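What follows is a short report on a single structure.
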Amino acid sequence: MEAFQLLSRGGARFHKQRFKSDVQLFTHAVTKPEKSVNAPVNQDSKLPPELDFFKYAQGGRAKRKAGNTDSSSSSAPCRPDVRNKRRKTNHATEDLDGNGDDGDDAPEDRYKIPHHLMSNLLDNHYKYPTGVQAHGMPILLERRDLAAISPTGTGKTLSYLFPIMSLLEAPISSLKGTEGNGVRAIVLAPTRELAHQIYNECLKLAVKRKWRVVLYSKATASTLRDKNARDKVDIVISTPLRLVASIQEGNLDLNNVRHLVLDEADRLLDSEFLAQVQEVISTCTHPEIQKSVFSATLPAGAEQLAMGILRNPIRIVVGLKDTPLPLISQTVTYVADDASKLPSLLTYFAQPYNPPLLIFTSTQPRATSLAEELTLNGIANVDCLHAGMTKKERDDAVSRMRRGESWVMVSTEVMARGMDFKGVREVINYDFPTSVQSYIHRIGRTGRAGRDGKAVTYFTDEDAPYLKSIANVLLQSGSSVPDWILKLPKPSKLKKKQMGKIKRAETVNAARKIGRNDAIKKRAMIAGSKRRKVKELRAPEELVSQSR
DNA sequence: AAAAAAC
Numbered sequence: 010m011e012a013f014q015l016l017s018r019g020g021a022r023f024h025k026q027r028f029k030s031d032v033q034l035f036t037h038a039v040t041k042p043e044k045s046v047n048a049p050v051n052q053d054s055k056l057p058p059e060l061d062f063f064k065y066a067q068g069g070r071a072k073r074k075a076g077n078t079d080s081s082s083s084s085a086p087c088r089p090d091v092r093n094k095r096r097k098t099n100h101a102t103e104d105l106d107g108n109g110d111d112g113d114d115a116p117e118d119r120y121k122i123p124h125h126l127m128s129n130l131l132d133n134h135y136k137y138p139t140g141v142q143a144h145g146m147p148i149l150l151e152r153r154d155l156a157a158i159s160p161t162g163t164g165k166t167l168s169y170l171f172p173i174m175s176l177l178e179a180p181i182s183s184l185k186g187t188e189g190n191g192v193r194a195i196v197l198a199p200t201r202e203l204a205h206q207i208y209n210e211c212l213k214l215a216v217k218r219k220w221r222v223v224l225y226s227k228a229t230a231s232t233l234r235d236k237n238a239r240d241k242v243d244i245v246i247s248t249p250l251r252l253v254a255s256i257q258e259g260n261l262d263l264n265n266v267r268h269l270v271l272d273e274a275d276r277l278l279d280s281e282f283l284a285q286v287q288e289v290i291s292t293c294t295h296p297e298i299q300k301s302v303f304s305a306t307l308p309a310g311a312e313q314l315a316m317g318i319l320r321n322p323i324r325i326v327v328g329l330k331d332t333p334l335p336l337i338s339q340t341v342t343y344v345a346d347d348a349s350k351l352p353s354l355l356t357y358f359a360q361p362y363n364p365p366l367l368i369f370t371s372t373q374p375r376a377t378s379l380a381e382e383l384t385l386n387g388i389a390n391v392d393c394l395h396a397g398m399t400k401k402e403r404d405d406a407v408s409r410m411r412r413g414e415s416w417v418m419v420s421t422e423v424m425a426r427g428m429d430f431k432g433v434r435e436v437i438n439y440d441f442p443t444s445v446q447s448y449i450h451r452i453g454r455t456g457r458a459g460r461d462g463k464a465v466t467y468f469t470d471e472d473a474p475y476l477k478s479i480a481n482v483l484l485q486s487g488s489s490v491p492d493w494i495l496k497l498p499k500p501s502k503l504k505k506k507q508m509g510k511i512k513r514a515e516t517v518n519a520a521r522k523i524g525r526n527d528a529i530k531k532r533a534m535i536a537g538s539k540r541r542k543v544k545e546l547r548a549p550e551e552l553v554s555q556s557r
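Below, the structure written as structure tokens:
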């Protein structure tokens, strides 16, 4: 418990400006060498040195030369102090892994991080951890359950993959002992594309070891009908329904799963996915299972569900919950009615624009026909992606996007969450998003890993009732909104519903916090120009809190 | 409040 006060101390100064620089640190050295080299990390983020995993990763590879690890760190002098606190508090938390503890306080020793994992981290040019990585990874490595909320494009995937692979120690095939048989870790994601992307990240950390990581699909499921093959699998990445199908066929046993991650947790916990996810959870019967949930958004209802699933969880919030990054400059554009949208978009395309860009529509047919219209109007390299397409068509569209061959990608909600196309400079909401969460995730396809981005949202007269809630999101994240929009009447029913939820939740410790934060948020909206101040005050409270 | 996504 105290150990996490240390974490919170590190994060307390994690306000908007510094957050920006912190996220920039995530930059891969390959793409922007000049930035990562000169970035004054610890100075800015005041990261306790021992949480700076990636620095140790560099040191670890170079056999941790003293000069190497310390030269870049301005906070090196305070290290002994931090070290002592950390050591003391380690006893305060349950020492679940039973390794007593050791003399060395480098994370790789403290947490017994396998050498190959450290070197793979470095080989992938991860230089400095982002906020969610620095604060989330130690919690997971301590074998605690975790609810982590961190904005889009801040490296959540690595935050859970790295600790899982560290705690699993090595591929099951090379471990002889009490690890048991069968899948030891599962990551759930709401779309195939996202599962695939997570799988790719996982493979990067798995090189040079015989990790069996399985991207679960019809094809892989059938190869795993054989129990012997199944027993050799270390990690499964899957969408919920695919997993449930195999469970029900009796072709998958999850009684050896020690780590379960729900990525895009609020999506996975909404009504359509919930039953499936609950079935997966109840099939994971190992008593020491560690569960964690990750998302950029976690509405009160989803959070309550999540807290019910997790056991004695730590909750961390980096930046502001349910708020996009200030790096994304957002605007809203009035287009009267649906018929006016295409002309507006074509006018937009008549001017110079920055490809690749991502366009969101509300339905599959609209995505298809908009892509066709744009092509007919001479726009080059227009692509389309929605869940009505075949698996191959979907895979091809993603690869074209990854290779930079798509300049304009028209898509539905399926692309809204988690997808990391590094080049996307701009997102256009051709159709108005159906929730604040959807909005935040959609525009979060740009402004990733410290780069800036642009988001344009079309709205018609029909969208007017929902405009104000989106406008508030713009305000929260530092974009400006025309006055008249702010004067719109409140979407009263919606508001009342939310308030009701909060009231009910107030009996539980965890939810009391949500209520308070929402109250602060509301005040922030009213405060207008004082908004920024309020945000800064709020961050430390929110950053780490104990729940249940 | 409603579409999309999951097999």
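The C-terminal position of the first sequence is numbered 557 in my numbering, with every residue numbered one higher than the one before it. From the three backbone atoms N, C-alpha and C, an ideal C-beta is built for every residue, glycine too. The structure presented is a predicted model; accordingly, all values stated were derived computationally and were not measured.
- Phe369 is bridged by DSSP to Ser420, Asn438.
- Around the Cβ of Glu297, a 10 Å sphere holds fewer than 16 other Cβ atoms; the residue is exposed.
- For Thr232, there is no enclosing beta strand (DSSP E); the residue is found in the alpha helix (DSSP H) stretching over 227-232.
- A straight line joining the alpha-carbon of Val245 with that of Ile388 spans about 40 Å.
- Separation of the CB atoms of Leu269 and Cys293 is rounded to 6 Å, and the pair is thereby assigned contact status at 8 Å.
- When DSSP states are grouped into helix, strand and coil, His125 belongs to the helix group.
- Separation of the CB atoms of Ser447 and Ala464 is rounded to 13 Å, and the pair is thereby denied contact status at 8 Å.
- A Cβ-Cβ separation of about 19 Å leaves Ser247 out of contact with Ala315 under the 8 Å criterion.
- Within the region 445-471, the beta strand (DSSP E) runs of at least 3 residues that lie entirely inside it are, in chain order, 462-468.
- Residue state for Thr200 is assigned as coil, using DSSP reduced to three classes.
- For Lys300, the enclosing beta strand (DSSP E) covers residues 299-304.
- Straight-line spacing of the CA atoms in Ile318 and Lys300 works out to 8 Å.
- For His134 and Thr163, the gap between their C-alpha atoms comes out near 15 Å.
- Under DSSP, Val222 forms a beta bridge with Ile244.
- Cβ contact annotation for Val216 (same chain, cutoff 7 Å, sequence separation greater than five): Asn129, in chain order.
- Pairing Asn265 with Gly189 gives a Cβ-Cβ distance under 8 Å.
- For Leu394, the enclosing beta strand (DSSP E) stretches over residues 391-394.
- Taking the CA atoms as reference points, Ser231 sits about 14 Å from Gln257.
- In this structure, Leu336 lies away from Asn386, with their beta-carbon atoms at least 8 Å apart.
- Per DSSP, the unbroken alpha helix (DSSP H) holding His144 starts and ends at 140-150.
- Per DSSP, Gln485 is one residue of the alpha helix (DSSP H) stretching across 473-485.
- When C-beta atoms of the region 320-333 are compared with those of the region 160-179, three or more pairs fall below 8 Å, so the two segments count as touching.
- Going by C-alpha positions, Arg451 is about 8 Å away from Pro442.
- Contact fails between the region 339-349 and the region 176-193, because fewer than three Cβ pairs, one in each stretch, are under 8 Å apart.
- Contiguous alpha helix (DSSP H) elements confined to the region 161-206 occur at 165-177, taking only those with 4 or more residues.
- Per DSSP, Val286 is one residue of the alpha helix (DSSP H) stretching across 280-292.
- The C-beta separation of Asp440 from Val417 comes to about 16 Å, leaving the pair out of contact by the 8 Å criterion.
- CA-CA distance, Ser371 to Thr377, rounds to 11 Å.
- Using a Cβ distance threshold of 8 Å, Gly413 and Pro361 do not count as a contacting pair.
- Distance check between Val289 and each of Ala254, Ala309, Arg320, Asp279 places Ala254 closest, using alpha-carbon atoms only.
- With respect to the C-alpha of Asp429, the residue from Tyr225, Leu483, Ile207, Val192 having the closest C-alpha is Ile207.
- According to the DSSP secondary-structure assignment, Val341 is paired through a beta bridge with Thr466.
- Annotation: Lys350 to Gln339 spans about 18 Å, alpha carbon to alpha carbon.
- When the Cα atoms are used, Glu273 and Phe468 turn out to be separated by approximately 26 Å.
- Taking the Cα positions, Gln287 is about 12 Å away from Leu252.
- DSSP, reduced to helix, strand and coil, places Leu336 outside both helices and strands of the structure shown, so it counts as coil.
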